[in-house]
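Have a look at the structure below, then the notes.
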Amino acid sequence: MTAFTAHLRNETRLLLREPAALIFGALLPLAAIIVMTAIPAARNAVLDFGGRSVIELYQPTLVLFATSVLGLTIVPAILGGYRQLGVLRRLRTTPASPAGLLAALFVVVAAVGLIVTALLVLIPGLAGAGVPKDLGLFLLAGTLGLVAFLALGTVLAAVVRSPQAAAGIGNLVAAIMWFSAGLWLPRVFFPDWLVTLTDLTPGGAATQAMLDAAAGAPASWQPYVVLLAWTALGAGVAVRVFRWE
Amino acid sequence: MALITVSGLTKSYGARTVLHGVDLSVDEGEIVGVLGPNGSGKTTAVECIGGLRTRDAGTVDIAGMDPATDPPELREILGMQLQQARLPAKMRVGEALELYAAFYADPRPASELLDRFGLAEHVRQPFGKLSGGQQQRLSIALALIGRPRIAFLDELTTGLDPAARREIWEYLKLLRAEGVTMLLVTHFMEEAAYLCDRVVILEQGRIVADGTPAEIAGATGQQETSFDHDPELDLAGLERLPGVVSVIIERGRVVVRGDADSPQAVLAALTAVGVAARGLRVTSPSLDDAYLTLTRDGSTR
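Chains as they are written, first to last, in my numbering: chain A, 1 to 245; chain B, 1001 to 1301.
So, in structure tokens, the structure goes:
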């Protein structure tokens, strides 16, 4: 077994034992989509929603909820905890690089995010409540959002020393993402200025791209650029600022 | 041949200089103890030598490598047990050993370490549920799992009960027999005297003593010969004996302090005047005494 596979196994086990990660990042959005799928009316097109159904409208929001919780709160909590406990320090005494642990952590968290995203599409799809019209773009937007949140979560872990504070700030940022994604007020009701503003956040951009893909509307390049820009910014800052100890 | 050579090792934290040009050489197969009061720079020294902290000046050579450049081969041959390095609370004992074993080319079998460190029955227990002593033992096991040629063990047995401490000492003796070179940071004179071929005493970032435990104890300590007081005895005569430094009466006993030859001289003198030395006791100078004399701890007493 290589060091990376060992880390991967270990991080998978540990993440599965972390109820907060699974409840907020996976179970809650899955429960929401199951409930929506179970309500027949949620499948009907709603004129006020621009002809979309409740499921179609909230599916991107739920994907965004799951991926932002995983990236923005779980990653800083785990990473900050590892640094505080001296886990990264101990790893430096071994031939395995701590970078292997980071990589394994990203892979595991990303895998959970992708599985949850897939289930959020699959559950209503299998129940006959419809799938996004442009499935490929929908998944691409969701994945790019997830990657951006992983990068930004690592920045939080790098900048905020205490893992509790980093996760707390992560929650706040995630809440802004949820708002941008239309969790409390669907984006179709946003005034133009708020659409423009939230389109610049990774939450707003990913959600808009997923909404467009779900409706089969012509794809705009703008949200993808926004997501890639946040990822590049996050990764750049994290690489510069992150310290093992 | 020296496996570890340190010369002029200097390290400051801001304006505070923690190590003032430390020189140290450790031969292959040797167990060297690093002693010193809290804040004397022991941990900093070991972490600089191990390449976990950047030194300000001086050179360090471990088996031909400079740890500051962090060569991956060094991590294969050097196992380090650090103070205050914990594991995730939900990681189990067996999982930790399995994970760390995966980092090395030829790891020690986890079962051997589990047995040696009394952890076999806790293999499925999460780290957070272990007692302090069990966590400490796991930490040592992780430092040794890679079959290192060299082991740095910081505060090896702090927090362990005497039985567990003995077990770990016995295991380290086995490792010594295998030829493992060790640098032990310790607070316990008993541990140093029991395990170490050589000890260095660090005081305010300088090495103030370097030698075998017996040499260091002998260099500053005195032999003490004591026996029940007999009124017939001429105490002034004892004081004139060669090598005797002082003669006092303490709680009804005569206590003679002097060099290594003084007990012999005292006994010969007693025999010559026909006085029986009842309740005779000769105590060797201890490493404890030497340590207290050499360090700040001693000067404040």
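Even for Gly, the Cβ is constructed at its ideal location relative to N, Cα and C.
A quick note: this is a predicted structure, and the numbers were derived from the prediction, not measured.
The Cβ atoms of A/Leu64 and A/Ala181 lie closer than 7 Å to each other. Put simply, the backbone Cα of B/Ile1145 is about 15 Å away from that of B/Gly1118.
Residue pairing by DSSP puts B/Lys1011 in a beta bridge opposite B/Leu1019. Across the structure, A/Ala77 and A/Gln164 are spaced so that their CA atoms are roughly 6 Å apart.
CA-CA distance, A/Leu197 to A/Gly142, rounds to 20 Å. The straight-line gap separating the alpha-carbon atoms of B/Glu1028 and B/Gly1237 is approximately 50 Å. In the three-state DSSP reduction, B/Asp1228 falls in the strand class (E or B). Residue B/Arg1055 holds the alpha-carbon nearest to the alpha-carbon of B/Gly1014 among B/Leu1184, B/Arg1055, B/Leu1087 and B/Val1200. In this structure, the straight-line span from the alpha carbon of B/Leu1235 to that of B/Ala1290 is close to 27 Å. Counting only runs of 4+ residues, the alpha helix (DSSP H) found wholly inside the region 1070–1105 of chain B occupies 1072–1077 and 1093–1101, in chain order. Annotation for A/Arg13: the continuous alpha helix (DSSP H) segment containing it runs Ala3 to Leu16. Under a criterion of Cβ atoms nearer than 8 Å, the residues of chain A adjacent to B/Pro1088 are, in order, Leu14, Gly81, Tyr82, Leu85 and Val87.
At least one C-beta of chain B is nearer than 7 Å to the C-beta of A/Arg17.
Shown here, B/Ala1002 sits in a strand according to DSSP, grouped into three states.
Take the alpha-carbon of B/Thr1059 and the one of A/Arg90: they are about 23 Å apart. Chain A places no beta carbon closer than 7 Å to that of B/Ala1277, leaving this residue out of the contacts. Close CB contacts of B/Ala1193 within its chain, under the 7 Å cut and outside five residues either way in sequence, are with Pro1213 and Leu1287 (chain order). Using a Cβ-Cβ cut-off of 9 Å, A/Met36 is close to nothing in chain B; its nearest Cβ partner there is about 33 Å away. Under the three-state reduction of DSSP output, A/Ile123 falls in the helix class. DSSP places B/Glu1191 in the uninterrupted alpha helix (DSSP H) bounded by Met1189 to Leu1195. Residue contact with chain A for B/Ala1141: absent (no Cβ-Cβ distance below 7 Å to any residue of chain A). Considered as a whole, the region 170–211 of chain A harbours 192–199 as its complete alpha helix (DSSP H) runs of no fewer than 4 residues, in chain order. The C-beta separation of B/Gly1159 from B/Gly1128 comes to about 16 Å, leaving the pair out of contact by the 8 Å criterion. In this structure, B/Asp1154 is the residue among B/Val1244, B/Asp1154, B/Leu1142 and B/Leu1174 with its C-alpha nearest to the C-alpha of B/Gly1041. Within chain A, the residues placing a beta-carbon under 7 Å from that of B/Phe1103 are Ala3, Thr94, Pro95 and Ala96, ordered along the chain. Contiguous beta strand (DSSP E) elements confined to the region 1253–1298 of chain B occur at 1253–1258 and 1281–1283, taking only those with 3 or more residues.
Residues of the region 212–241 of chain A with a C-beta atom less than 9 Å from some C-beta of chain B do not occur. Beta-bridge analysis with DSSP links B/Arg1206 to B/Glu1203. Scanning chain A for C-beta atoms nearer than 8 Å to the C-beta of B/Leu1183 yields nothing, as the closest lies near 13 Å away. The contact set of B/Gly1146 on chain A, defined by CB atoms closer than 9 Å, consists of Thr94 and Pro95 in chain order.
Taking a 10 Å sphere around the C-beta of B/Lys1173, we find fewer than 16 other C-beta atoms and assign the residue as exposed.
When 8 Å is used as the limit between beta carbons, B/Gln1084 is near these residues of chain A: Gly86, in chain order. Contacts between A/Ala6 and chain B, judged by CB atoms closer than 9 Å, involve Glu1098, Leu1099, Tyr1100, Ala1101, Ala1102 and Phe1103 in chain order. A/Ser162 carries a coil assignment under DSSP once its states are collapsed to helix, strand and coil.
A direct Cα-Cα distance of roughly 7 Å separates A/Leu185 from A/Phe179. Listed along chain A, the residues sitting closer than 8 Å to B/Pro1072 by beta-carbon distance are Pro95.
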